[in-house]
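*Asks:*
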Amino acid sequence: MICRRETDSTIVLQNLAESKEIMTSRGFDEMEGNDPQDNDKITYRELLRRVCRFANVLKSKGVKKGDMVAMYMPMIPELVVAMFACARIGAIHSVVFGGYSSESLTDRLLDGNIKVLVTADGVFRGAKLIHLKNIVDRTVEICKEKNLHVTAVIVVEHQMNLLSTKRALSQTNGSDKNTVNGYDIDVSWNPDINFWWHEEMTKVSDVCEPVWVDAEHTLFTLYTSGSTGKPKGCVHTTGGYMIYGAISFKYVFDYFPGDVFFCTGDIGWLTGHTYIVYGSLLNTATCILYEGVPTHPDAGRYWEIVEKYGVTHFYTAPTAIRTLMRYDDAYVTKFDRSSLRVLASVGEPINRDAWMWYHKVVGEGRCPIVDTYWQTETGGHLLTPMPFCTPLKPGCAALPFFGVEPVIVDDDGKEIKGPGKGNLVIKRPWPAIMRTIYGDHERFVNTYFIKFPGYYCTGDGGMRDEDGFFWVTGRVDDMLNVSGHLLSTTDVEASLMGHKSVAEIAVVRHPHPVKGECLYCFVVLKDGCKFDERIVQELTQKGKNHTHGQRKALLVLLEGPFFSCGSKKIKVLIAVSVCNIKPLAILFQEKEQALSLYLQGGHNQTSWQLDYWTKQLATPVMF
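Each step along the sequence shown adds one to the number in full-length UniProt numbering, with nothing skipped, and position 538 is 538.
(1) Any chance the stretch 306-319 sits against the stretch 209-228, with 3 or more Cβ pairs inside 8 Å?
(2) By the 10 Å Cβ neighbour count, where 16 or more other Cβ atoms means buried, how is E348 classified, buried or exposed?
(3) Count Cβ pairs between the stretch 93-103 and the stretch 126-139 that sit closer than 8 Å; are there 3 or more?
(4) Looking at the secondary structure, which residues open and close the alpha helix (DSSP H) in which K308 lies?
(5) Taking buried to mean at least 16 other C-beta atoms within 10 Å of its own C-beta, is V445 buried or exposed?
(6) With C-beta atoms as the reference, is P391 less than 7 Å away from V370?
(7) Check whether the stretch 273-287 touches the stretch 457-470, counting contact only when three or more Cβ pairs, one atom from each stretch, lie closer than 8 Å.
(8) State the start and end residues of the unbroken beta strand (DSSP E) segment that holds G420.
(9) Given this structure, state the Cα-to-Cα distance separating V118 from C521, to the nearest angstrom.
(10) Please return the same chain residues whose Cβ sits closer than 6 Å to the Cβ of R443, not counting the five positions on each side in sequence.
(11) Please specify which runs of the beta strand (DSSP E), each continuous and at least 3 residues long, are wholly inside the stretch 400-461, giving them in chain order.
(12) Whole angstroms are fine: how far does the CA of D67 sit from the CA of G239?
(13) Return the chain-ordered ranges of every alpha helix (DSSP H) run that is complete within the stretch 104-151 and spans a minimum of 4 residues.
(14) Would you tell me roughly how many angstroms separate the C-alpha atoms of W197 and I247, rounded to the nearest one?
(15) Tell me where the beta strand (DSSP E) around C86 begins and ends.
(16) Nearest-angstrom Cα distance between L557 and K232?
(17) Starting from the Cα of A397, find the closest Cα among T271, S205, R464 and give me that residue.
(18) Going by DSSP in three states, A91 sits in which element: helix, strand or coil?
(19) Would you tell me roughly how many angstroms separate the C-alpha atoms of R45 and A82, rounded to the nearest one?
(20) Report all residues from its chain with a CB closer than 6 Å to the CB of V404; omit the five preceding and five following residues, and keep chain order.
(21) For C457 and K451, what's the separation of their Cα atoms in angstroms?
(22) At which residues does the beta strand (DSSP E) containing T239 begin and terminate?
(23) Per DSSP, what kind of secondary structure is C396 in: helix, strand or coil?
(24) Could you have a look at F54 and say whether DSSP puts it in helix, strand or coil?
(25) Which residues share a DSSP beta bridge with H313?
(26) When the Cα of R92 is compared with those of P406, I416, L109, T333, which residue comes out closest?
(27) Could you tell me which of F54, G395, R534, H273 sits nearest to H359, measuring between CA atoms?
(28) With a CB to CB cut of under 8 Å and the five nearest residues on each side skipped, what residues in its chain are close to E538?
(29) Which same chain residues, not among the five before or five after V409, have their C-beta less than 8 Å away from its C-beta?
(30) Do you know whose CA, among T286, V95, T106, lies nearest K146's CA?
(31) Between V69 and V140, is the Cβ-Cβ spacing less than 7 Å?
(32) Smallest Cα separation from L219: which of R326, F84, G122, C208?
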């Protein structure tokens with residue numbers, strides 16, 4: 001496995017030579033980092049050596065079979081090493097997306113009673129340096145206040161690698177304050193619980209015999225948003241998950257030895273777990289692990305990597321495609337993409353315009369697009385075209401993968417035969433289905449199996465056309481898909497309602513040209529409270545805690561008291577106004593004339609309406 005790091009970090013696993021090493025028998029990984037000149041290489045043999053060493057590090061910190069270890073890290077080889085090290089000793093890994101806040105990280109540590117955490121000192125997102133260690137320090141403090149005492153935080157020295165410089169570490173307190181190239185690289189340090197990765201790796205052997213577990217032993221938990229406001233820890237087991245990941249990788253992507261696979265997803269989501277880490281490496285694949293964003297240093301970044309490594313398979317999200325479509329096609333066409341054989345999409349339904357651009361511009365009209373549908377809960381693909389086999393329809397999830405039996409049912413749970421539209425459910429289990437929600441099996445049953453008894457409820461609407469092909473029509477609950485990530489309107493509402501000055505909240509979804517969907521969060525303060533800079537900052541931070549820290553929501557601050565009706569009616573009315581549906585009545589106490597004009601006039605002029613709304617009636621803030 002070779003790891004090569006470049007600007008906007010990438011790791012490429014490339015299959016080069018035969019070896020007699022156990023498990024990882026051939027190939028190498030190349031890593032592209034945030035700096036295009038930053039390169040590293042790791043052979044599969046070297047990967048095994050590092051995994052064994054870090055498994056011994058974990059054991060030295062008291063980790064044993066069945067314990068859970070959290071990872072809050074960028075897309076670097078050490079993350080893959082840490083995951084495999086847990087698997088080698090029968091521990092359970094729980095990867096937390098590196099864009100989450102300290103509050104979100106805390107929730108996951110508390111839920112899993114996690115006392116050992118692996119992180120990095122910092123990471124670049126584009127040109128911005130994010131101090132991950134500071135976020136972890138705050139998390140440790142909050143956990144301590146809630147009676148969870150983190151015993152070990154193992155830190156990868158990453159930000160200095162990105163800055164392409166070296167520094168001497170203090171042997172007394174582990175910290176020295178420096179500024180390099182204008183960036184503050186100071187790392188706070190608690191010698192009682194903080195340990196440098198590279199120092200710990202020198203203290204242990206590179207021999208670690210694997211701990212044998214049975215097929216249903218928990219391999220990992222991964223948290224996804226829940227409609228009740230509390231994230232769900234999806235439990236995936238060793239045997240079924242690995243088999244399904246390996247088989248679906250091989251056949252859905254039509255992978256052959258010598259191919260080069262590039263998935264732009266993050267390992268903090270299940271796409272990265274299944275199709276960057278487990279599915280790919282179980283096939284001894286040549287893979288690219290990419291740390292950066294698609295537009296840094298410019299919009300040609302992905303295609304530069306495709307040319308450089310001869311990528312044959314490219315797997316990304318519609319949000320990334322729509323983002324890149326906004327730039328000149330020259331960013332794509334100036335790079336050689338003749339190596340590409342299969343294009344794939346994941347995370348959300350892909351709209352026709354994005355599909356056609358992806359097919360014609362990126363794939364030069366010759367590469368099939370594998371539009372995969374699946375979920376964190378499913379472990380792997382449920383619906384997907386098979387390249388070079390399935391007729392392609394833009395935006396269509398096509399047909400079920402091996403062993404999956406999808407069904408369309410009406411709201412009463414009655415199966416719809418032939419063409420029809422309704423709720424997408426699955427009739428029988430498959431190997432990679434999640435086994436439970438960590439620590440709450442009752443919630444697992446109630447969430448997925450009560451609404452339609454005898455079926456797994458996906459929470460998505462579906463349609464089957466006259467050819468028997470399946471189309472995913474979107475969420476049928478209060479979840480929404482933003483840039484391929486599920487968010488809960490209930491979750492965001494609960495977070496904002498937690499502010500002491502808030503009286504009313506209404507969070508609704510709204511179409512977004514790039515992200516697919518976004519949130520509109522309408523906030524009314526209690527009597528006597530006024531919007532000031534402090535309240536705006538506090539509400540914005542609370543919103544960031546539940547939107548992955550990205551600009552995916554509009555916080556609309558309304559001067560109150562404003563509503564006279566119950567919260568459900570408020571939400572219905574605001575949904576009507578944002579979605580441009582003519583309401584039956586105006587329920588506001590004040591400014592009825594202005595609102596009436598807004599709601600009833602110019603329904604085909606969305607931009608004018610939103611501009612009028614924000615200027616006349618509210619103060620908008622993005623978070």
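Glycine included, every Cβ here is placed at the ideal spot set by N, Cα and C.
*Replies:* Taking the definition as stated:
(1) Contact between the stretch 306-319 and the stretch 209-228 is absent, because fewer than three Cβ pairs lie under 8 Å.
(2) Here E348 is buried. Its C-beta has 16 or more other C-beta atoms within 10 Å.
(3) Remark: three or more beta-carbon pairs, one from each stretch, lie closer than 8 Å, so the stretch 93-103 and the stretch 126-139 are flagged as touching.
(4) Looking at the DSSP string, the run of the alpha helix (DSSP H) that includes K308 is 301-309.
(5) Exposed, because fewer than 16 other Cβ atoms sit within 10 Å of the Cβ of V445.
(6) The criterion of a C-beta distance shorter than 7 Å is not satisfied by P391 and V370.
(7) No: the two stretches stay apart, fewer than three of their Cβ pairs being nearer than 8 Å.
(8) 420-426 is the span of the beta strand (DSSP E), which, as asked, contains G420.
(9) Each residue's Cα considered, the two are about 34 Å apart.
(10) Only I437 meet the Cβ criterion.
(11) DSSP runs (the beta strand (DSSP E)) wholly in the stretch 400-461: 406-409, 420-426.
(12) Approximately 18 Å, taken between the alpha carbons.
(13) Correct list: 132-145.
(14) The alpha-carbon atoms of W197 and I247 are separated by roughly 34 Å.
(15) Counted as a single uninterrupted DSSP element, the stretch harbouring C86 is not any beta strand (DSSP E) but the alpha helix (DSSP H) occupying residues 77-88.
(16) Note that L557 scores a pLDDT of 49, beneath 50, so its modelled location is shaky; the value from the coordinates is reported in the next line. Approximately 30 Å between the Cα atoms of the pair.
(17) With distances taken between Cα atoms, A397 lies closest to R464.
(18) The three-state secondary structure of A91, taken from DSSP, is coil.
(19) Using only the alpha carbons, I get a separation of about 16 Å.
(20) Spatial neighbours of V404 in its own chain (CB-CB distance under 6 Å, excluding positions within 5 residues in sequence) are listed in chain order as L382, W430.
(21) Going by the C-alpha atoms only, they are around 7 Å apart.
(22) First, the amino acid is wrong: residue 239 is Gly here, not Thr. Annotation: G239 is outside any beta strand (DSSP E); the continuous alpha helix (DSSP H) that includes it extends over 238-252.
(23) Three-state result, C396: coil.
(24) DSSP, read as helix, strand or coil, puts F54 in helix.
(25) Checking the DSSP bridge columns, you'll see H313 partnered with F261, V342.
(26) Here the sequence assigns Ile to residue 92, which means Arg is not the residue at that position. When each option's Cα is compared against that of I92, the closest is L109.
(27) Selection F54, G395, R534, H273 evaluated against H359 yields G395 as nearest (Cα-Cα).
(28) Same-chain partners within the cutoff: H499.
(29) Excluding positions up to five away in sequence, the list reads E415, I416, G422, N423, V425, F452, Y455.
(30) Relative to K146, the option among T286, V95, T106 whose CA is nearest is T106.
(31) Their beta carbons are not under 7 Å apart, which means V69 does not touch V140 by this criterion.
(32) The shortest Cα separation from L219 among R326, F84, G122, C208 belongs to F84.
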